[in-house]
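Following: one structure in structure tokens, then a few remarks.
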Amino acid sequence: MQLSWKPGYSLSNRPVRRSAARRTNRGRLGNADGPQQFVFIAEHPMRDRKTMHFPPAIIYPPSGAPVEPITNYEPKNSESDVNVSEEASPSLETPFGVSGDASPTRAADSPDPETDSRTAKFQLPRCNSEDHGLSPRSSKSTDDGRLQLAEEENIGLGAFCEWSSQVANIEPSPVAASDLPYATTSIPPSVLYNSICQRFGLILERYNIEFCKIPLTSDMQMNPFRYHRTIVPEPIFLVHAVMALAGHHVKSPSTDDHRHTALKLLRESLDASGNVEDGSSMLDAIMILFSFDETQSTLGYWSTHLKGAYGLIEAHGGIEAWTTSARAEAQIGLLLWWDAITSLLSREDCVLPYAYVEAVQSNPDGRKWNFFDLCGCPHSVVTLVMQVVRLSAEKRQSSSMRYVTFDNTVIAQIERALESWHHISPAALDFGSEEDIQQDQDCMHCSEAWRLGLLLYIYRVFRWEPGTPIPMHVVRWARVIVDHVVACRDESMVSRQALLPLFFAGCEQRDRSVRQKIVHFCSVWNDRTRYQMFGSTIPLLEEVWAEQEVKGFENVWWGHVVDRQHTSASCYPLQVRLCFG
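Take 1 as the starting number for the sequence shown in UniProt numbering and just add one per residue.
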């Protein structure tokens, strides 16, 4: 853009530019004895008398634009389609609107057997080993630390941009100094930033306001996914990890580029770093990348993430050094949960040692976070989950040993503890409002789903023998789990935390209307959260149901299908497993 001025100049009366030979030298003041009028005109830069068209600068929505939180869910008739241009500001619509009747609990009223998510296919996340061959665009800083915007992409929030190594260079027009009043100066269309945080500022802000809350039951002060903008200098691998997850939610075409760049830079940092502050940022990135892979499928390289986190923790002082931070302790608590959920399905040893569980659970009353807010399962039931998962690995190992018999004494004690367990309302709730009652009921329903789901798991893994009929109390547990899950309020984020118990229950159901209710639930949460692990649960259930129809209900259980998924993915260079957490 250039500013041109001339006495008496206006848009309606634009004089023809005269050559220097025909100009009359009026002196320094020109017609100083008469009235002077200066009109400033904003024009496109001119270079060699040809109009130069440049891409628009990065456009963000106005800071005052409303952001619809994920917790205030209401079905929408259509999704917003935002186009960014030079002339218009994009609206800021939440990407979680669901068309039509999107209530997870209303499948019985309007069953839809042709639900799109039923045809969902398993999509493996990109293998980490493939990232070595990538050459993502890199950024270079100038002497004053400024960054130049190279290219833009139109998305709902604003623009995700790729890195550029160019630095803004203002070139003066080659006009004589005496002609400066009539000169035009060309300014390249450069947007300069003092830091990467400033460049992606509003996107990172929306991530902290909205997207980082989605994996949790409810937001908390020690949110393990929140991006801390106070770190100086900003860890670029962490920014790219955040941009990848945020980009998924707004359907940005640069999502995969950000993910690959984050993985590449994270690997380099893991090899080079040695201080605790860098370790904390790297753990943040691992958590976010794990969550990103959950947006793609239930099938993923979960053990690779967990082994990376384990090595990082051990390299920076071990579990004792990390549990001094409340936020790091919450992150390790969620890693332990992911490890347990993945190992429950595979019936294999956990990646993280049980000493981590003991360290995290050593002071439940003094913590600034709780397991229910993280994963929807109460602390007392989480403790039993951590024990059952290790017993299931021992059970599977002993089944392949000729002279070893598994002792069911401990598992019987856990069964009795689960059968006698009941929900206790938290002391913090004074039930002074209806909302307090509603929250407590949602908490009770989700907790009961986990309790009964663990009982279903124990029966199938430790008690059931192929070919034996299923006891009616087990079938009843399965139906009650479904009822608990769909009883939670639609606008609450609680019910979707019981995906794994719902999967166990669905594998025990033969009633078609109940099955359809489960499918509808998974479909709605898949659209609402954009986490594809909900949608990819449907073909797993349908595979179990189809096999039960052919081979008989008493001859098929979910373990057959899960093991087959793991075996079919064994051709990949990294271990692939299922995760519902």
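Glycine is no exception: its CB is placed at the ideal position from the N, C-alpha and C atoms.
DSSP three-state assignment for residue i, whether helix, strand or coil
{"i": "residue 299", "result": "strand"}
{"i": "residue 463", "result": "helix"}
{"i": "residue 335", "result": "helix"}
{"i": "residue 577", "result": "strand"}
{"i": "residue 468", "result": "coil"}
{"i": "residue 372", "result": "helix"}
{"i": "residue 236", "result": "helix"}
{"i": "residue 503", "result": "helix"}
{"i": "residue 247", "result": "helix"}
{"i": "residue 539", "result": "helix"}
{"i": "residue 290", "result": "helix"}
{"i": "residue 363", "result": "coil"}
{"i": "residue 157", "result": "With a pLDDT of only 31 at residue 157, under 50, the local geometry of the prediction cannot be trusted, and the value read off the model is given with reservation. Coil."}
{"i": "residue 526", "result": "helix"}
{"i": "residue 206", "result": "helix"}
{"i": "residue 227", "result": "coil"}
{"i": "residue 555", "result": "helix"}
{"i": "residue 4", "result": "Caution is warranted here: a pLDDT of 42 is assigned to residue 4, below 50, making its placement in the model unreliable, and the coordinate value is therefore given only provisionally. Residue 4: strand per DSSP, three-state reduction."}
{"i": "residue 561", "result": "helix"}
{"i": "residue 265", "result": "helix"}
{"i": "residue 509", "result": "coil"}
{"i": "residue 419", "result": "helix"}
{"i": "residue 222", "result": "coil"}
{"i": "residue 453", "result": "helix"}
{"i": "residue 407", "result": "coil"}
{"i": "residue 139", "result": "In this predicted model, residue 139 has a pLDDT of only 37, less than 50, meaning its place in the structure is not dependable; the value taken from the coordinates is given anyway. Three-state result, residue 139: coil."}
{"i": "residue 567", "result": "helix"}
{"i": "residue 352", "result": "coil"}
{"i": "residue 432", "result": "coil"}
{"i": "residue 216", "result": "coil"}
{"i": "residue 306", "result": "helix"}
{"i": "residue 42", "result": "Confidence is the limiting factor: at residue 42 the pLDDT is only 43, short of 50, which leaves the residue's position unreliable, though a coordinate-based value still follows. Note: residue 42 maps to strand in three-state DSSP."}
{"i": "residue 493", "result": "coil"}
{"i": "residue 383", "result": "helix"}
{"i": "residue 255", "result": "helix"}
Candidates the options: closest to residue i by CA position
{"i": "residue 362", "options": "373, 379, 372", "result": "379"}
{"i": "residue 458", "options": "388, 490, 432", "result": "388"}
{"i": "residue 552", "options": "503, 519, 466", "result": "466"}
{"i": "residue 526", "options": "335, 283, 321, 249", "result": "249"}
{"i": "residue 533", "options": "499, 407, 431", "result": "499"}
{"i": "residue 453", "options": "346, 200, 505, 366", "result": "505"}
{"i": "residue 611", "options": "281, 418, 251, 383", "result": "What is shown of the chain runs 1 to 581, which leaves residue 611 out entirely."}
{"i": "residue 288", "options": "502, 245, 303", "result": "245"}
{"i": "residue 589", "options": "344, 261, 310, 468", "result": "Missing from the structure shown is residue 589; the chain here goes from 1 to 581 and no further."}
{"i": "residue 390", "options": "312, 403, 407, 350", "result": "350"}
{"i": "residue 431", "options": "441, 422, 423", "result": "441"}
{"i": "residue 423", "options": "434, 410, 412, 439", "result": "439"}
{"i": "residue 582", "options": "562, 227, 513", "result": "Since the first and last residues shown for the chain are 1 and 581, residue 582 lies out of range."}
{"i": "residue 339", "options": "309, 323, 322, 366", "result": "309"}
{"i": "residue 306", "options": "285, 335, 284", "result": "335"}
{"i": "residue 303", "options": "448, 511, 348", "result": "348"}
{"i": "residue 278", "options": "259, 228, 416, 255", "result": "228"}
{"i": "residue 235", "options": "220, 263, 257", "result": "263"}
{"i": "residue 218", "options": "494, 224, 323, 198", "result": "494"}
{"i": "residue 509", "options": "357, 471, 496", "result": "471"}
{"i": "residue 584", "options": "392, 284, 548, 313", "result": "No answer is possible for residue 584: it lies beyond the span of the chain, which begins at 1 and ends at 581."}
{"i": "residue 270", "options": "460, 528, 360, 311", "result": "311"}
{"i": "residue 528", "options": "517, 507, 496", "result": "496"}
{"i": "residue 232", "options": "434, 198, 215", "result": "198"}
Beta carbon proximity, residue i to chain D, threshold 8 angstroms
{"i": "residue 334", "result": "Protein chain content of the structure displayed is limited to a single chain, and chain D is not contained in it."}
Handout entry: the stretch 210 to 218 touching the stretch 311 to 330, judged by at least three CB pairs closer than 8 angstroms
Key = no
Handout entry: the stretch 539 to 550 contacting the stretch 485 to 494, beta-carbon criterion three pairs below 8 angstroms
Key = no
Handout entry: Touch test, the stretch 277 to 297 against the stretch 237 to 252, Cβ-Cβ under 8 angstroms, three pairs minimum
Key = yes
Exercise for the section: Give a yes or no on contact between the stretch 298 to 306 and the stretch 249 to 269, applying the rule of three or more CB pairs nearer than 8 angstroms. Expected result: no
Exercise for the section: Report yes or no: do three or more beta-carbon pairs, one from the stretch 469 to 479 and one from the stretch 442 to 456, lie closer than 8 angstroms? Expected result: yes
Handout entry: Given 8 angstroms, three or more beta-carbon pairs between the stretch 366 to 382 and the stretch 321 to 336
Key = yes
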